[in-house]
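Accompanying notes for the structure given below.
Residue numbers (the numbering used here), protein chains in the order written: chain A, 1 to 236; chain B, 1001 to 1238; chain C, 2001 to 2476.
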């Protein structure tokens, strides 16, 4: 429902001193376009270097690995963070990267509880994510400049998994790396223009939560995760 | 080159030496000086306080006075900025806006003129000691002259330049601000004075009469033994 | 709280705040740190001026076409299943939000930091309606616990408070037993607030930018509180100033890049969250109901005027972080939820000159604000425009000043008057010259000057006299 729109918008047109326009799309003829030149001349490996360097600025651990070793690396990381419970997305990429056995056999056998997002469980998903020690998701798009993972959340990819657990691990397929937010915005904007509906929640996440509200002292870990690790993995 | 001098009212009344130094310096650099005695104040005190209409008569007077000049040079970044504001102030007065624009286009702050018009970076000045430079706000931000004073000062023989901490912060002058908001202005100028003291320099150099009056006045009151000099005086030392 | 925070005048507040050594140390320290972080991150881009110009043109374009983009935005929100309410006034907005909250029978509301909800005084309305309203941004939370102490900075609201004061507040109000270490304090707030998030009925957020093409809103935070407020509660209400909108994701990106660099010197903050409508079928978190409240509250009166560019503001506080006046007097002196240069421009426009006529004069017109603004709002020019209106249209300048300025205008415009006046100055000043060089106790308008500094004595020989008498001088 939309309420009180017509008089509100008409008042704006009056203030602007012209007839109201709600139908003709204004042309955007930008004179400047600085974002098109920013980091766009770098190769993928150079972008990975930019990404890695930025991780230290945002208090995030960086690990680079191959698809074969991913399972071991991930298991070690979860151990380092103190084990389960682990909260994960319902996501085919766990299979693509050969992690299903770890999730369904190895961890449960080692008494590490794994909770996969399951829409049928409703609100319990939030409760399980809140209880979790580690949240694990993949990155849908990855920004080199700001060391940011972009997560499209809907369906099995619940928003809570990257937010409520104590710690967070993002698995980043190398092919998802782009220079900066510019390219992510283009990808999303293109979807919109093609008539696709954007997911109800898109998060651009750069490291763990933090605050400098007390005497400008940086505190890492406020409402979101307290620690974060990015694992960059060669694609399979 | 024939240079018409806009000396500014502060220099005319209070800082005669700055005017003399400006004339001698420019003559030494081969300029021929012209000083139209009809010149008055640029109008900034009343204009900045919001009395725009009242100021227009003074502005027009200045435009007439400097109309015949080839170039106008002034030892003040702030007053030069005001000349550059004239076209905006008179934009709705058809007879005047074009004349204001011509004046703005040929008006230069002293150090900008020396470095960017005369193309001189070393004026052959000599002065022994350590100095620090306070960049005035209007000159650096509104007029965009950032490097010229430093370039010239770095070439003064015997003068060692010390960076001024928090140089970018205003000294607290701000025209009528200095008396309207006296207690705030006091804190600002004190921070500036303390920054100058922390450099251990014996000389504080500035390019604007307003800043100089403010900083020097506060230093006198606090009996701080730092000499405040206008950049024209430094560049005219030899 | 509305725009105006308390009664009391500017001069008294300045006087009090100049005595607050902790606040002044905190503010200048924060300014220095934020300034250098902003510059580092801006310089790194290599073409910051181009970025600023692009930011400016995007914001100008949006303001010029605001009717179209608001229509597009609201259509798209509706398509996604959200509700949109256009609120002409603060009261309209508050009434609508109160209705939604009552319909939901909501008792507990979590809020993430939002200037516009401060502006419309939403919390008081909801509290009166019997709701428990909890601010969840750490700074805002501290202030709320401390008997609603007002914010002093639009990005770091509790900047004026030290950690010991915060420890005491936590001890009194939320059963805190540990030290004044910021990490321990923050962890305690995390635990306390986590519980509130999980049991809240409604989440209320502001909006950094809405995206017209997709009907989305975006939230820029570091703490993650805005994410929590939009993940757990079943109802989400987002309140936005009507001008906070971009055409597409591509412009969002540019403005977010400018915002995070300018506000906190970060390439991006920890969380940029883009939300499009309520949760979809098959989602197990996110709000089931989404309301977008678009607020005018005086903004349309600024559109189309010489102050229009102030609506370009993206609330980054870069101007506040470089202002040499704010540096000393702090945020509370402005008595507005919008302090600093942007506040001195915006407050009189939203809340009138009667209570805020001093603010445009709380500036040396040094231009630091204009230089720092990532979307190129000519802030010092706008402060000057306010002065002109106060003097020429509102007639609110002191009479004595008016007379002086008029006399000055006449004197400056007339060469004989100017020449005589400057010549007389030496004679008039003679009784006040305790020695030759300086005047320490001046008369009339000089009194204010000489309370703080010496005033130079006018020279017997003015420059023009010297020039005239000088050998080889050109006697005109």
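The beta carbon of each residue, even a glycine, is placed where N, CA and C say it ideally should be.
How is residue i classed by DSSP in three states: helix, strand or coil?
i               : result
residue 1236(B) : coil
residue 163(A)  : coil
residue 1104(B) : helix
residue 2099(C) : helix
residue 1230(B) : strand
residue 1129(B) : strand
residue 1120(B) : coil
residue 1069(B) : coil
residue 2093(C) : helix
residue 2344(C) : helix
residue 61(A)   : strand
residue 2375(C) : coil
residue 2353(C) : helix
residue 2475(C) : With a pLDDT of only 44 at residue 2475(C), under 50, the local geometry of the prediction cannot be trusted, and no value is derived from it.
Report yes or no: is there a C-beta of chain B within less than 8 Å of the C-beta of residue i?
i               : result
residue 2365(C) : yes
residue 2164(C) : no
residue 2151(C) : no
residue 2320(C) : no
residue 2412(C) : yes
residue 2015(C) : yes
residue 2476(C) : The predicted model places residue 2476(C) with a pLDDT of 41, which falls under 50 and marks its position as unreliable; any figure quoted below should be read in that light. Residue 2476(C) counts as touching chain B.
residue 2478(C) : Because residue 2478(C) is not part of the residues shown, which for chain C are 2001 to 2476, the question remains open.
Against chain C, does residue i count as a neighbour if the rule is that its beta carbon must be under 8 Å from one of theirs?
i               : result
residue 952(B)  : What the structure shows of chain B is the stretch from 1001 to 1238, and residue 952(B) is not part of that stretch, so it cannot be assessed.
residue 1146(B) : no
residue 136(A)  : no
residue 86(A)   : no
residue 1218(B) : yes
residue 22(A)   : yes
residue 1053(B) : yes
residue 213(A)  : yes
residue 1139(B) : no
Nearest chain A C-beta to residue i closer than 8 Å, yes or no?
i               : result
residue 2238(C) : no
residue 2473(C) : Bear in mind that a pLDDT of 48 at residue 2473(C), under 50, signals an unreliable position, so the model cannot answer this.
residue 2065(C) : yes
residue 2068(C) : yes
Determine, using beta carbons only, whether residue i and residue j come nearer to each other than 8 Å.
i               : j               : result
residue 184(A)  : residue 141(A)  : yes
residue 2240(C) : residue 2206(C) : yes
residue 2155(C) : residue 2310(C) : no
residue 2272(C) : residue 2256(C) : yes
residue 2283(C) : residue 2231(C) : no
residue 2252(C) : residue 2218(C) : yes
residue 1203(B) : residue 2325(C) : no
residue 1181(B) : residue 2362(C) : yes
residue 1125(B) : residue 1237(B) : yes
residue 224(A)  : residue 2224(C) : yes
residue 1201(B) : residue 1130(B) : yes
residue 1106(B) : residue 1068(B) : no
residue 1239(B) : residue 1178(B) : Outside the modelled stretch of chain B, which goes from 1001 to 1238, sits residue 1239(B), for which no answer is possible.
residue 2461(C) : residue 1016(B) : yes
residue 2339(C) : residue 2331(C) : yes
residue 2082(C) : residue 2292(C) : yes
residue 1215(B) : residue 1189(B) : yes
residue 241(A)  : residue 81(A)   : Any answer about residue 241(A) is impossible in this case: the structure gives chain A only from 1 up to 236.
residue 2258(C) : residue 2374(C) : yes
Spell out the partners DSSP gives residue i in its beta bridges.
i               : result
residue 2(A)    : 2084(C)
residue 1034(B) : 1004(B)
residue 2108(C) : 2132(C)
Every unbroken beta strand (DSSP E) within the region 1153 to 1197 of chain B, with a cutoff of 3 residues, ordered by chain: Correct list: 1157 to 1162.
Quick check on the DSSP output: what are the complete beta strand (DSSP E) runs of length 3 or more inside the region 82 to 144 of chain A, in order along the chain? If we require 3 residues or more, the beta strand (DSSP E) runs fully inside the region 82 to 144 of chain A come out as 86 to 88, 114 to 116, 134 to 138, 141 to 143.
Mind pulling the alpha helix (DSSP H) runs of 4 or more residues that sit fully within the region 2154 to 2238 of chain C? Taking 4 residues as the minimum length, the alpha helix (DSSP H) runs contained wholly in the region 2154 to 2238 of chain C are 2163 to 2174, 2182 to 2199, 2225 to 2229, in order along the chain.
Runs of alpha helix (DSSP H) lying entirely within the region 2384 to 2434 of chain C, each at least 4 residues, in chain order: List check, alpha helix (DSSP H) in window: 2399 to 2413, 2415 to 2429.
Which parts of the region 145 to 231 of chain A are runs of the alpha helix (DSSP H), unbroken and 4 residues or longer, counting only runs that do not cross its ends? The alpha helix (DSSP H) runs lying completely inside the region 145 to 231 of chain A and spanning 4 residues or more are 181 to 193, given in chain order.
Which ranges does the alpha helix (DSSP H) cover as unbroken runs of at least 4 residues, wholly within the region 2239 to 2307 of chain C, from first to last along the chain? Scanning the region 2239 to 2307 of chain C from its first residue to its last, the whole alpha helix (DSSP H) runs of 4-plus residues come out as 2249 to 2264.
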